[in-house]
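Novice: Which chain is which? The protein sequence lines are A and B, in order.
Using the numbering used here, read the first sequence as starting at 59 and increasing by one per residue.
Using the numbering used here, read the second sequence as starting at 11 and increasing by one per residue.
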Amino acid sequence: MWKHREEAPRSTSESGSVLPPLPPAVFPGEFDRTRGELPPVTDAAVSVGKSVVIKGELSGDEDLTIEGRVEGTIELRNHVLTIGSTGHVEAQVVAKSIVVLGHVTGNLTATEKVDIREEGSVEGDIMAPRVAIADGAEFRGSIDMQRKAPAPSMDQEVGSLTLDAKVPLPTMQDNGEMARA
Amino acid sequence: MVVTPRQVAAASPESVSRSTTLATFLTLLCARPAAEVVDLGSVVGGNITFLGDRIGCKIHVEDLYADLDRHARQDKLDQVAAFLTSRFSHLNESIDAILCWDVFDYLDQAAAYVLAEESMRMLRPGGILLAFFGGGGSSDLRYTRYCIVDESHLRHTLHAAACARRLVLQNRDILNLFGKLAVLDSILLKSGVRELLFQKPTN
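1) Would you call residue 209 of chain B buried or exposed, if buried means 16 or more other Cβ atoms sit within 10 Å of its Cβ?
2) Going by alpha carbons, who is nearest to residue 64 of chain B out of B/44, B/138 and B/123?
3) Determine the burial state of residue 213 of chain B: buried for a count of at least 16 other Cβ atoms within 10 Å of its Cβ, exposed for fewer.
4) Pull the bridge partners of residue 207 of chain B from the DSSP assignment, please.
5) Tell me where the alpha helix (DSSP H) around residue 131 of chain B begins and ends.
6) Is the Cβ of residue 105 of chain B closer than 8 Å to any Cβ of chain A?
7) Give the DSSP-derived three-state secondary structure of residue 167 of chain B in the structure shown.
8) In three-state terms, what does DSSP make of residue 81 of chain B?
9) Can you check whether the CB of residue 137 of chain A is closer than 8 Å to the CB of residue 120 of chain A?
10) Look up residue 191 of chain A in the DSSP assignment and give the residues it is bridged to.
11) Using three-state DSSP, classify residue 88 of chain B as helix, strand or coil.
12) Using a Cβ cut-off of 8 Å (strictly closer), state whether residue 190 of chain B contacts chain A.
13) Of all the CB atoms in chain A, is at least one closer than 8 Å to the CB of residue 108 of chain B?
14) Whole alpha helix (DSSP H) runs in the segment 29 to 86 of chain B with 4 or more residues, listed along the chain?
15) Going by the CB atoms, is the gap between residue 117 of chain A and residue 139 of chain A shorter than 8 Å?
16) On the CB-based measure, 16 or more other CB atoms within 10 Å of its CB, does residue 68 of chain B come out buried or exposed?
17) Anything in chain A within Cβ reach of residue 137 of chain B, meaning under 7 Å, just list it in chain order.
18) Determine whether the Cβ of residue 210 of chain B lies closer than 8 Å to any Cβ atom of chain A.
19) Please classify residue 138 of chain A: does DSSP put it in a helix, a strand, or coil?
20) What number of angstroms, rounded off, separates the C-alpha of residue 52 of chain B from the C-alpha of residue 107 of chain A?
21) Consult DSSP for residue 188 of chain B and reduce its assignment to one of helix, strand or coil.
22) Which bits of chain A does residue 70 of chain B rub up against, with CB to CB less than 7 Å?
23) Quick check on the burial criterion: 16 or more other C-beta atoms within 10 angstroms. Buried or exposed for residue 196 of chain B?
24) Report yes if the CB atom of residue 31 of chain B is closer than 8 Å to the CB atom of residue 199 of chain B, and no otherwise.
25) Could you name the residues of the same chain whose beta carbon sits closer than 7 Å to that of residue 150 of chain A, not counting the 5 residues immediately before and after it, in chain order?
26) Do residue 107 of chain B and residue 194 of chain B have their CB atoms nearer than 8 Å?
27) From which residue to which residue does the beta strand (DSSP E) around residue 123 of chain A run?
28) Tell me whether the beta-carbon of residue 154 of chain B lies closer than 8 Å to the beta-carbon of residue 133 of chain B.
29) Between residue 73 of chain B and chain A, is there a C-beta pair that is closer than 8 Å?
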């Protein structure tokens, strides 16, 4: 069978037949149903569906999207966790990156980034080197970005300060300009 | 028709203003290692990025505007003072800096007193507090969202609010309110807004 199909185009051109060559029954990398092979496992993202409720410890080695409800702990140390718009998480979460479009109550720890989108809501503490919070997102808690950048240069902005002295409050001049006494 | 904050923001012109008190605030903040900042304003991603990524602070977001909106919708603005007494879980003298923005304008006198007391309680010795006062009382149901553009500039955008500004504090009222703090810097803008930077004495 294999030999015949490989030879088919060559014999067609040699004989001058007008019939188009047969398409190969099995492309490289595909499975052959005729031989009872099972389809290969793909890398499609795993999702916790809307109606699914999980209570306990959730961990894994692949990206995960949660559209249902999870209570407990979630650990995806090398992968991306997405809490979808219908997702509701009450858990301590550790992941490489965390994207929030739904609701989260609990602390979020990411080794790369936490991204709270416009409709997202988080109540808990965030620890990640990068944090993005869109306008409209709800957040209550603390954010620790774990790294120190060099202090911005503000030599031009700050003059001398008398740290322990009370400075008189400013007054408005006749011309409407502000003035400090 | 319900007007969302996003729609109001889109319709409202943005403005950017220079703030030397912000510059001083950030300079002093940079001098405090592993500083912890309480932001009493609404959640602004740009501020979190600026303070967390560039300055390296730990930021506590305590959105009092959202609390005020909730109280206003429930017609419980008279209970804000009581609410504020237990609003903050931070330990005494555990915070290096507080960004109040103009939240005092939206409080009544009792609530303003409680918030000032709580702020002074939370601040570490040497800690700093930045507040804006005196946008003027009005029936305008909007609040200003302040976004740090750079070390000395703020972008202002207006967003829908459930309550209007209530309190216009005179200078002496402000000094009485923050009697335990020293005024480091104060600026009166042409708009009438006063920017004040306070510091808790180190004893």
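By construction, the Cβ of each residue, glycine as well, lies at the ideal position given by its N, Cα and C atoms.
Specialist: Once the coordinates are examined:
1) In the second sequence, the residue the question calls residue 209 of chain B occupies position 199. Classification of residue 209 of chain B: buried, given that the 10 Å Cβ count is 16 or more.
2) Taking the second sequence and counting its residues from 1, one reaches residue 64 of chain B at position 54. It is B/44.
3) One-based indexing of the second sequence puts residue 213 of chain B at position 203. Exposed: under 16 other Cβ atoms inside 10 Å.
4) Walking along the second sequence from the start, residue 207 of chain B turns up at place 197. B/140 and B/195.
5) Within the second sequence, numbered from 1, the residue matching residue 131 of chain B stands at position 121. Residues 119 to 132.
6) Translated into positions along the second sequence, residue 105 of chain B becomes position 95. It does not; no Cβ of chain A falls within 8 Å.
7) On the second sequence, residue 167 of chain B is found 157 positions in, with the first residue counted as 1. Note: residue 167 of chain B maps to strand in three-state DSSP.
8) As a working mapping, residue 81 of chain B is identified with position 71 in the second sequence. In the three-state reduction of the DSSP assignment, residue 81 of chain B falls in the helix class.
9) Locating residue 120 of chain A in the first sequence gives position 62, counting from the first residue. Locating residue 137 of chain A in the first sequence gives position 79, counting from the first residue. For residue 120 of chain A and residue 137 of chain A, yes; Cβs fall inside 8 Å.
10) Residue numbering aside, residue 191 of chain A sits at position 133 when the first sequence is read from its first letter. In DSSP, residue 191 of chain A forms a bridge with A/174.
11) Position 78 of the second sequence, counted from the first residue, corresponds to residue 88 of chain B. Helix, per DSSP.
12) Start at 1 with the first residue of the second sequence, and residue 190 of chain B comes out as number 180. No, residue 190 of chain B lies away from the interface with chain A (no Cβ there is under 8 Å from its Cβ).
13) Here the question's residue 108 of chain B lines up with position 98 in the second sequence. No, residue 108 of chain B lies away from the interface with chain A (no Cβ there is under 8 Å from its Cβ).
14) 30 to 40, 55 to 59 and 74 to 83
15) Counting from one through the first sequence, the residue named residue 139 of chain A turns up at place 81. Counting from one through the first sequence, the residue named residue 117 of chain A turns up at place 59. Not a contact, by the Cβ cut-off of 8 Å.
16) Taking the second sequence and counting its residues from 1, one reaches residue 68 of chain B at position 58. Its Cβ being crowded by 16 or more others within 10 Å, residue 68 of chain B is buried.
17) Counting from 1 along the second sequence, the entry for residue 137 of chain B is found at position 127. Identification of chain A residues near residue 137 of chain B by a Cβ-Cβ cut-off of 7 Å yields none; the smallest Cβ-Cβ distance measures about 12 Å.
18) The count along the second sequence starts at 1 and reaches residue 210 of chain B at position 200. With 8 Å as the cut-off, residue 210 of chain B does not count as an interface residue toward chain A.
19) The count along the first sequence starts at 1 and reaches residue 138 of chain A at position 80. Strand, per DSSP.
20) Numbered from its first residue, the second sequence carries residue 52 of chain B at position 42. Numbered from its first residue, the first sequence carries residue 107 of chain A at position 49. Rounded to the nearest angstrom, the two C-alpha atoms are 32 Å apart.
21) Counting from one through the second sequence, the residue named residue 188 of chain B turns up at place 178. The answer is coil: DSSP assigns residue 188 of chain B none of H, G, I, E or B.
22) Residue 70 of chain B sits at position 60 when you count from the first residue of the second sequence. The answer, in chain order, is 200.
23) For the purposes of this step, residue 196 of chain B is taken as the residue at position 186 of the second sequence. By the neighbour-count criterion, in which 16 or more other beta carbons inside 10 Å mark a residue as buried, residue 196 of chain B falls on the buried side.
24) One-based indexing of the second sequence puts residue 31 of chain B at position 21. One-based indexing of the second sequence puts residue 199 of chain B at position 189. The Cβ atoms of residue 31 of chain B and residue 199 of chain B lie no closer than 8 Å to each other.
25) As a first step, residue 150 of chain A is located in the first sequence; it is residue number 92 there, counting from the start. Excluding residues within five positions, the ones whose Cβ falls inside 7 Å are 131, 164 and 165.
26) The sequence position of residue 107 of chain B within the second sequence is 97, counting from 1. The sequence position of residue 194 of chain B within the second sequence is 184, counting from 1. Their beta carbons are not under 8 Å apart, which means residue 107 of chain B does not touch residue 194 of chain B by this criterion.
27) Here residue 123 of chain A is taken as the residue at index 65 of the first sequence, counted from 1. Note, residue 123 of chain A: beta strand (DSSP E), 122 to 124.
28) Along the second sequence, read from residue 1 onward, the residue named residue 154 of chain B stands at position 144. Along the second sequence, read from residue 1 onward, the residue named residue 133 of chain B stands at position 123. Not in contact: residue 154 of chain B and residue 133 of chain B (Cβ atoms no closer than 8 Å).
29) Here the question's residue 73 of chain B lines up with position 63 in the second sequence. Cβ-Cβ to chain A under 8 Å: yes for residue 73 of chain B.
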